[in-house]
Amino acid sequence: MLDDVSWDDLRIVRAIGREGSLTGTAQALGASHSTLFRRLQRIEAGMGVKLFHRTRAGYVPTSAGEDLIRVADGIDREVGAMRSRLGRREAWPGGVLRITTTDTLMHKVLPPLLANFHSRVLDVQLQVTTSNTMVKIGEHEADVAIRAGGRPPDPLVGRKLCGLETTIYRSRRLRGATADRLSSLPRVAVDDTLGHLASSRWLDEQGLRQGAVLRTNSLVNVLHMVRAGLGIGVLPCYLGDQEPGICRVCPPVKEWSSELWVLTHVDLRKVPRVRRLFDELYAGTRELVPLFEGHAPAPMV
């Protein structure tokens, strides 16, 4: 049955089993719903068995699907263990360093830091993936994560770089936008893929996110639309304060505060290229701390 099944096929079956829907799997894998639907049909036809029951609640693995998912999990664990063994070989020169981060950090602040790191560590190839969902470092999908959050759970280790502040922004052309008039103003908001953010939860509690004129899965998109004058929007200060066409509606909201961390798996913490990236990122972000923590000069106009 497995003769014509590729590792990519196994990844898709495994992801559908994990997400429980094609929509969630499409977001996780960065593929379209229609492509995944066709791929699953092809896999099932090639194997001659149904791998999932289609129900109102989503995609539920059949016994054959559960067996295939266990096979995929086993292969993934073996590949991850191999990567860890190779990664711990400190004498191994250079190598690939897989970094996952968010589109907001890659918009402006991270590229100069990564370029500076590479100018000092020439024999390392950087592979950068942007995602608004947490890539599983513990399952060896990345070597290093740079993102907002708190102290990492086991088996991850990390270093806090600084605090992160967030507030509401408007286009400088949008007049009359004040904190006490939020419900009467046009709003640009994130969709449910970023519903875990403290600011998103607050907007939901106030009934402000559902009535937004535009919802998107990217804070960079929110930035572009706020700058275009479509409405007010919530942005991290390191993103909003660097844009001359927009300004703050109010000071940073303390309830939305977070922290910027760089994370890795405990097995990789002593690998030279990982340790060097940690050091370079910490040093490089020192002059950016006021920007991250919302202390940029003259932020409101």
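Plus 41 on top of the position in the sequence shown (first one is 1) and you've got our numbering. Just so you know, even glycine gets a beta-carbon here, dropped at the ideal spot from N, CA and C. Since the structure is predicted, the reported quantities are computational estimates derived from the model, not experimental observations.
Residue range of the beta strand (DSSP E) that includes residue i
i: residue 300; result: 299 to 306
i: residue 289; result: 287 to 289
i: residue 83; result: From DSSP, residue 83 is part of no beta strand (DSSP E) but of the alpha helix (DSSP H) over 74 to 88.
i: residue 186; result: 185 to 190
i: residue 212; result: 207 to 212
i: residue 167; result: 165 to 171
Spatial distance of residue i from residue j (CA atoms)
i: residue 48; j: residue 68; result: 19 angstroms
i: residue 310; j: residue 295; result: 32 angstroms
i: residue 136; j: residue 93; result: 39 angstroms
i: residue 50; j: residue 328; result: 46 angstroms
i: residue 117; j: residue 213; result: 50 angstroms
i: residue 133; j: residue 165; result: Annotation note: pLDDT 42 at residue 133 (below 50); position unreliable, no value reported.
i: residue 102; j: residue 184; result: 30 angstroms
i: residue 59; j: residue 167; result: 28 angstroms
i: residue 283; j: residue 276; result: 11 angstroms
i: residue 285; j: residue 237; result: 28 angstroms
i: residue 147; j: residue 66; result: 24 angstroms
i: residue 264; j: residue 110; result: 39 angstroms
i: residue 82; j: residue 73; result: 14 angstroms
i: residue 297; j: residue 106; result: 41 angstroms
i: residue 104; j: residue 63; result: 19 angstroms
i: residue 123; j: residue 249; result: 48 angstroms
i: residue 86; j: residue 115; result: 23 angstroms
i: residue 337; j: residue 326; result: 14 angstroms
i: residue 207; j: residue 91; result: 47 angstroms
i: residue 171; j: residue 95; result: 31 angstroms
Extent of the continuous alpha helix (DSSP H) to which residue i belongs
i: residue 56; result: 48 to 60
i: residue 309; result: Neither: residue 309 is in no alpha helix (DSSP H) and is coded neither H nor E.
i: residue 71; result: Counting along the chain, residue 71 falls outside any alpha helix (DSSP H), and DSSP gives it neither H nor E.
i: residue 330; result: 330 to 333
Among the options, nearest to residue i - alpha-carbon criterion
i: residue 278; options: 317, 204, 242 and 139; result: 204
i: residue 138; options: 104, 182 and 216; result: 182
i: residue 120; options: 52, 82 and 261; result: 52
i: residue 240; options: 282, 187 and 299; result: 299
i: residue 289; options: 319, 335 and 114; result: 335
i: residue 259; options: 331, 248 and 280; result: 280
i: residue 188; options: 155, 142 and 148; result: 142
i: residue 144; options: 316, 268, 262 and 104; result: 262
i: residue 224; options: 207, 245, 235 and 206; result: 245
i: residue 210; options: 315, 150, 291 and 253; result: 291
i: residue 108; options: 122, 88 and 96; result: 88
Residues near residue i in its chain [Cβ-Cβ closer than 7 angstroms; skip 5 each side]
i: residue 256; result: 230, 231 and 232
Same chain only: Cβ atoms within 8 angstroms of residue i, ignoring 5 sequence neighbours per side
i: residue 193; result: 199, 302 and 304
i: residue 266; result: 229, 255, 257, 272 and 274
i: residue 61; result: 98, 99, 100 and 101
i: residue 339; result: With a pLDDT of 48 at residue 339, under the threshold of 50, the modelled position of this residue cannot be trusted, and the question is left open.
i: residue 70; result: 52, 53, 56 and 77
i: residue 155; result: 140, 167 and 169
i: residue 314; result: 135, 136, 138, 162 and 165
Sequence-distant residues of its chain with Cβ nearer than 6 angstroms to residue i (five each side left out)
i: residue 270; result: 212, 214 and 215
i: residue 113; result: 51 and 55
i: residue 226; result: 218 and 273
i: residue 201; result: 300 and 302
i: residue 321; result: 158
- prompt: What are the complete alpha helix (DSSP H) segments, minimum 4 residues, inside the segment 227 to 282?
  reply: The qualifying runs are 239 to 246, 260 to 268 and 278 to 281.
query: Enumerated in chain order, which unbroken segments of the beta strand (DSSP E) with a length of 3 residues or greater are wholly contained in the segment 132 to 156?
result: The qualifying runs are 136 to 142.
Ranges of the beta strand (DSSP E) found wholly within the segment 94 to 121, counting only runs of at least 3: Whole beta strand (DSSP E) segments, 3+ residues: 99 to 102.
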